[in-house]
Structure formats: structure tokens, C-alpha cells
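Below is one structure; the comments refer to it alone.
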Amino acid sequence: MPQPARGRPRSFDRDRALLEAARLFWRRGYSGTSTRDLTTALDLSTSSLYGTFGSKAELFEEAVRTYAERYREIHQHAVAEPDFGTVVERILIDSVHEFTRPADEHPGCLLSSAAMADSTSTLDTSAYFAELQNANEQALLVRIERAVKGGELSDDTDAGALTGLIQSVWHGLSARANLGAGREDLLATARLAHELICGRLT
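Residue numbers (my numbering): 139 to 340.
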């Protein structure tokens, strides 16, 4: 007997579906992921896929924004800390925990994924991520400048260079996580970087 057409399961989990879609996009890029790939992975019919997410392009954009925006949230929460040492600690330590989240909760590192080299007609992924990174760096720069003016950091602190250093460590942790470095290894690196940065400047 023919199998009934797939629809939207009664127990449909949108977050879980988004995670599965992100895994495909991260691995194959936007162009390399077909609608058939998505309906198979998400166990949805084509009509249910479109009814839930609007289109393949909208699903891609939601996946990118959902997981990339976590990086912005980490920086926003960090720069709101009253103590500069805690700012650095939260950016590095919280990011390591984000980079190394279990596979059943996270699709992987967007920075090194196939999605970065691909895009839709409305979302240039590389440009979007560059804007996100620039916003994070600017928020950190403003916080460092405030720390210098408020006496938390020495007067001769180069705010731009310090911002670049912290962000370079951030990118290095992300790259190492993508290459398979474990959480404890990355946390040890992050803590040492925090100790060296804050010990030198405060």
C-alpha cells in the first residue's frame, strides 16, 4: 500500500527542525542543500516546510540568524559587566561554552561552515557575519575606552589594540574548537589569556 504523504507531525519541534536544517546548510551551503534534503531531514512534506518556514531562503536566514546571534548576545552581556576583568572573562569563557555545545544542541561553527561561502538573494552570509563581528568589536571598544577613562585600565592602554587582541583570541578559540579541541583545553587557554590580559593592563 502507498505510504501516506508526510505532513507536519503533531509533536513538531520547530527548534529541533531549525537545528537539523542548520546542520545541512552548514555542511553543504545554501545552494548545495535541496528542498528534498530538507524535507527528508526534517520529516516534513514540502507544503508543511513552506507553511512553517515560508521558503527555503527564509529557513536558511532564520538558521543563520538564530545561531550567529548567540555571539552578539555573549558580547552584549559581557560589556554590561561593571568590572573589566569580568568583561574579558565572559567574552572568552562564555564563547568557549558556546563553541563546544553538544552536537544535539548546536549545528557547529558558522564561521568555518559552507554557509559562509553561500547566500540567498536577500542574505549575504559573509557580509552579515562581518557586520555582526564589527558590531561586537565596536561594543567592546567602547567598553574598553570607558574602562580607561574610569581608571580601570592604565592611561596608556591602546583601546584599539586591546580590542583586536581579545577578538583575535576569540577567533582562535573558535578555530580550534572547529578543529576538534575539547572544552577543557579551550577553557584553559581562555583562562590563561584572561589572566595575561588583565594582569598586564589593570
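The beta carbon of each residue, even a glycine, is placed where N, CA and C say it ideally should be.
Item: Among residues of its own chain, excluding the 5 on either side of residue 312, which ones have a beta-carbon nearer than 7 Å to its beta-carbon?; Value: 237, 247 and 249
Item: Please say whether residue 273 and residue 307 have beta carbons closer to each other than 7 Å?; Value: no
Item: For residue 164 versus residue 285, is the C-beta distance shorter than 7 Å?; Value: no
Item: Cα-Cα, which of 256, 261, 299 and 303 is closest to residue 170?; Value: 256
Item: Residue 160 and residue 197: beta carbons closer than 7 Å?; Value: no
Item: Beta-carbon within less than 6 Å of residue 172's beta-carbon, same chain only, minus the 5 sequence neighbours each way: which residues are those?; Value: none
Item: Give the single residue among 244, 231 and 167 whose Cα lies nearest to the Cα of residue 207.; Value: 244
Item: Would you kindly work out how many angstroms separate the C-alpha atoms of residue 341 and residue 281, rounded to a whole number?; Value: With the chain covering 139 to 340 only, the question about residue 341 has no answer from this structure.
Item: Do you know whose CA, among 189, 155 and 168, lies nearest residue 179's CA?; Value: 155
Item: Once DSSP output is grouped into helix, strand and coil, what is the label at residue 153?; Value: helix
Item: Considering residue 215, what are the terminal residues of the alpha helix (DSSP H) in which it resides?; Value: 194 to 217
Item: If we call anything under 7 Å between Cβ atoms a contact, is residue 219 one with residue 225?; Value: yes
Item: Note down the Cα distance separating residue 295 from residue 176, rounded to an integer number of angstroms.; Value: 50 Å
Item: Using the C-alpha atoms, what's the distance from residue 240 back to residue 291?; Value: 36 Å
Item: Along the chain, where does the alpha helix (DSSP H) that runs through residue 228 open and close?; Value: 222 to 237
Item: Please report how far the alpha carbon of residue 328 lies from the alpha carbon of residue 242, in whole angstroms.; Value: 24 Å
Item: If the criterion is Cβ atoms closer than 7 Å, does the pair residue 203 and residue 270 meet it?; Value: no
Item: What residues in its chain sit with their C-beta under 7 Å from that of residue 297, if we drop five residues either side in the sequence?; Value: 279, 282, 283 and 286
Item: When DSSP labels each residue in this structure, what does residue 292 get in the three-state scheme?; Value: coil
Item: When the Cα of residue 152 is compared with those of 181, 167 and 305, which residue comes out closest?; Value: 181
Item: With a floor of 4 residues, list each alpha helix (DSSP H) that falls wholly inside the region 163 to 188, ordered by position along the chain.; Value: 173 to 180
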